[in-house]
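To keep things clear, I will list the structure first and then write my remarks on it.
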Amino acid sequence: MPDPTSVAWGLCEASADLTHEVLVASPAFTDEDPSQTRASATAGEIQSGNSEKNVVMSVDLDQPVVLLTFARRNGESEVLKFTSRPLFFRIARSHPYSVTDIAEGFGSSTLQTGWVLTHVNGEKMSVNWHQASLLLRSAIQGLPQTSRSDLKEPAPSKVSQKFGRSLPSAKTSNQAAIFMAWVPPAGSVEHSIMHYQSSLLQTMRAA
192 MPDPTSVAWG LCEASADLTH EVLVASPAFT DEDPSQTRAS ATAGEIQSGN SEKNVVMSVD
252 LDQPVVLLTF ARRNGESEVL KFTSRPLFFR IARSHPYSVT DIAEGFGSST LQTGWVLTHV
312 NGEKMSVNWH QASLLLRSAI QGLPQTSRSD LKEPAPSKVS QKFGRSLPSA KTSNQAAIFM
372 AWVPPAGSVE HSIMHYQSSL LQTMRAA
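Pasting the structure below:
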């Protein structure tokens, strides 16, 4: 298991010693100095004159969605659409926010470890973890919680791009998934709930 001080983890495989992780649905976050923000220079980030928000504007807003933009290992970007939570993947808690682990059996296999999360709904992630967490939490909290049947068979949905000039290296993929409910400090009520949900998830996998 990766060092809990260096990653933020979803419900999957939650354990009691993950005391440095936070719950997206909760207002409590790890204290960090907001003054530590600096100019962002995300490795492998898309270089384009078009705003990432063009992608967001092209999405059907009839249902809650979150668009996460990842920089792939080859420098191209991948825009994944999420319609429910949690999403069950880990990202590093320091900039750049690379994906360190992905739960098996959820959504499509598009997302890969090593990809860097660069934008949330078209807005660039801050290099400051506290600010980046707030941006992520704000976007995710509007998504509906997945049901049991959704956990077993998440249905992919496609994001359409409708800008005047397409991003040269951008790709759009399907990713119906479930987003991270981050693990709260051990001993808290939220942590107990997470343990229950994690146990339920493992039972469903074994079924």
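Numbering (this note's numbering), first residue to last: 192 to 398.
Here a beta-carbon is modelled for each residue, glycine too, at the ideal position from N, C-alpha and C.
As the structure is a computational prediction, the values presented were derived from the model and not from experiment.
#### Entry: Per DSSP, cross-strand counterpart(s) of residue 281
Along the sequence shown, one-based indexing puts residue 281 at 90. 292.
### Query
So is residue 328 buried or exposed if we call it buried at 16+ other beta carbons inside 10 Å?
One-based indexing of the sequence shown puts residue 328 at position 137. Buried, since its Cβ has 16 or more Cβ neighbours within 10 Å.
### Message
Pop quiz: residue 336 and residue 281 are said to be a contact at Cβ under 8 angstroms. What is the actual Cβ separation, rounded to whole angstroms?
### Response
Mapped onto the sequence shown, residue 336 falls at position 145. Mapped onto the sequence shown, residue 281 falls at position 90. 20 angstroms between Cβ atoms; not a contact.
### Span separating the alpha-carbon of residue 294 from that of residue 254
Taking the first residue of the sequence shown as position 1, residue 294 is located at position 103. Taking the first residue of the sequence shown as position 1, residue 254 is located at position 63. Those two C-alpha atoms are separated by around 25 angstroms.
#### Entry: residue 318 to residue 260 span [Cα, whole Å]
In the sequence shown, residue 318 corresponds to position 127, counting from 1. In the sequence shown, residue 260 corresponds to position 69, counting from 1. Approximately 15 angstroms, taken between the alpha carbons.
### Chain-order list of residues whose beta-carbon lies under 6 angstroms from that of residue 330 (same chain, five-residue window excluded)
Residue 330 sits at position 139 when you count from the first residue of the sequence shown. Closer than 6 angstroms at the Cβ level, and outside the excluded window around residue 330, lie 257, 311, 312.
### Task
List the endpoints of the continuous beta strand (DSSP E) containing residue 268.
As a working mapping, residue 268 is identified with position 77 in the sequence shown. 268-273 is the extent of the beta strand (DSSP E) around residue 268.
### Task
Starting from the Cα of residue 271, find the closest Cα among 325, 303, 333, 326 and give me that residue.
Your numbering for residue 271 matches position 80 in the sequence shown. Ranking 325, 303, 333, 326 by Cα distance to residue 271 puts 303 first.
### Query
Can you tell which of 273, 316, 324 has the C-alpha that lies nearest to the C-alpha of residue 180?
Outside the shown range of the chain, which is 192 to 398, sits residue 180, and nothing can be said about it.
### Message
Rounded to the nearest angstrom, what separates residue 321 and residue 309 at their Cα positions?
### Response
Translated into positions along the sequence shown, residue 321 becomes position 130. Translated into positions along the sequence shown, residue 309 becomes position 118. Their backbone Cα atoms lie some 15 angstroms apart in a straight line.
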